[in-house]
């Protein structure tokens, strides 16, 4: 007998109908199947599921495809699960938060206190505390409170976590009152130490003296953050850097970039988060947001006078000898790595001149407030 499966809502209903069509009792079916009558009663009342093995036996007896019994069983199980399952509005929130944040890394770095990443309630409570919100639902909307000058994508939760760490650390730092006028003097001081990587140790002090909090926080996995500009209030600017590209050219470019944001008052309405400040995104072409264009131009000019750089390239292209790079750097008072960085950008040959791109993290971090690379910033003490 070929019964239309669509008429039945469960395998038990179909079996009952098939018995009736044959004029069989449940006892007869029990005898034929070689099982007790109680088991048959459970099958017809859907209290016992139809297994793959049972579906084949029923197929032999009733000429109904085994797949029909199994499909009805699956549909029935799903329907019952929907009835008994209690919707949890927090499940989607947890998926977003736990899927978007490197919880294990945050625990390892001391940002949140939890013994096990699987202890959801503890981790959730710690994240609420970390972000300074009242509920986990509020964490989801936080990315809209920051502005990513990338302009090609939204701020992610992992980037926001890094930004919050910078804010938390900087809020406990004591610096003199911010003086916009003294920033120009600070920039002049910074200019004098650019030739020497070792002199980058003076950067935190120079910035602090004009009221700018400077924080270095190691980047979180996948965050791709270079720097940030934020304000604790209208008179308390903060510059955060990740030093993820531990190179002298990138250090000075990102630092001066963020300084220009401070000078212009950028980031007061919403923190500015700068990512991938290299290549085209470090330029001033179409598609670059105005705030970024201004900051990029200031940073480029600070690192190497663009007029002088144009002249150097015009004289030496297409060959840039080592002695020419060293001589030009000495003439304008910068480290050769800054010339190398500009040449890489201008020629789009990032495989060249790399020997000049020295590391600076080991010089600047000892005198700075640092969180990462094994160090945990002393906050909340």
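Residue numbers (the numbering used here): 13 to 393.
Backbone N, C-alpha and C define an ideal beta-carbon position, used for all residues, glycine too.
Note that the structure is predicted; figures quoted are calculated from it, not measured.
- The C-alpha of residue 38 lies about 10 Å from the C-alpha of residue 44.
- In the DSSP annotation of this structure, the continuous segment of the beta strand (DSSP E) that includes residue 242 starts and ends at 237-243.
- Around the Cβ of residue 323, a 10 Å sphere holds fewer than 16 other Cβ atoms; the residue is exposed.
- Secondary structure at residue 60: coil, using DSSP grouped into helix, strand and coil.
- In the assembly as shown, residue 197 is an exposed residue. Its beta-carbon has fewer than 16 other beta-carbons within 10 Å.
- Per the DSSP secondary-structure output, residue 249 pairs in a beta bridge with 243.
- Here residue 113 carries a coil assignment [DSSP, helix/strand/coil].
- The region 77-90 and the region 17-36 touch, with no fewer than 3 CB-CB distances between them shorter than 8 Å.
- Non-local beta-carbon contacts of residue 232 in its own chain, meaning distances under 7 Å to residues more than five positions away in sequence, involve 114, 117, 170, 173, 174 in chain order.
- Apart from the 5 residues on each side of it in sequence, residue 142 sits with its Cβ closer than 7 Å to the Cβ of 123, 124, 176 in its chain, given in chain order.
- Ranked by Cα distance from residue 368, the options 389, 382, 338 are led by 338.
- Residue 261 carries a helical assignment under DSSP once its states are collapsed to helix, strand and coil.
- Scanning its chain for C-beta atoms nearer than 6 Å, with the 5 sequence neighbours on each side dropped, one finds around residue 61 the residues 85, in chain order.
- A residue is called buried when at least 16 other Cβ atoms come within 10 angstroms of its Cβ; residue 360 does not meet this threshold and is exposed.
- Taking 8 Å as the cut-off, the beta carbon of residue 278 is found no closer than this to the beta carbon of residue 222.
- Taking a C-beta distance under 8 Å as the contact criterion, residue 376 and residue 215 qualify as a contact pair.
- Rounded to whole angstroms, the Cβ separation of residue 252 and residue 266 is 10 Å, and the two are not in contact under 8 Å.
- Membership of residue 312 in the alpha helix (DSSP H) is indicated by the continuous run 302-315.
- Beta-bridge pairing by DSSP links residue 225 to 250.
- Taking C-beta atoms as the reference points, residue 202 and residue 261 fail to come closer than 8 Å.
- In this structure, DSSP gives residue 287 an extended state, which the three-state scheme calls strand.
- Within the region 25-103, no run of beta strand (DSSP E) at least 3 residues long lies entirely inside it.
- Relative to residue 273, the option among 317, 224, 73, 109 whose CA is nearest is 224.
- Within the DSSP bridge table, the entry for residue 381 names 227 as partners.
- Relative to the Cα of residue 208, the nearest Cα in the group 235, 190, 264 belongs to 264.
- Scanning its chain for C-beta atoms nearer than 6 Å, with the 5 sequence neighbours on each side dropped, one finds around residue 180 the residues 391, in chain order.
- Taking each of 63, 205, 49, 140 in turn and checking the Cα distance to residue 342, the smallest one comes out for 205.
- The Cβ atoms of residue 56 and residue 112 lie no closer than 8 Å to each other.
- The beta carbon of residue 332 is closer than 7 Å to those of 355 in its chain, skipping five residues each way along the sequence.
- In this structure residue 182 is in contact with residue 227, their Cβ atoms being roughly 5 Å apart against a cut-off of 8 Å.
- Counting of Cβ neighbours within 10 angstroms places residue 72 among the exposed residues, the total staying below 16.
- In the DSSP assignment, residue 358 falls within the alpha helix (DSSP H) that extends over 348-359.
- In this model, residue 53 and residue 104 are separated by some 40 Å (Cα to Cα).
- Assignment of beta-bridge partners to residue 322 by DSSP yields no partner.
- Between residue 311 and residue 259 a beta carbon distance of about 14 Å is seen, past the 8 Å cut, so the two are scored as non-contacting.
- Cβ-Cβ separation between residue 30 and residue 76: approximately 7 Å, consistent with a contact (criterion under 8 Å).
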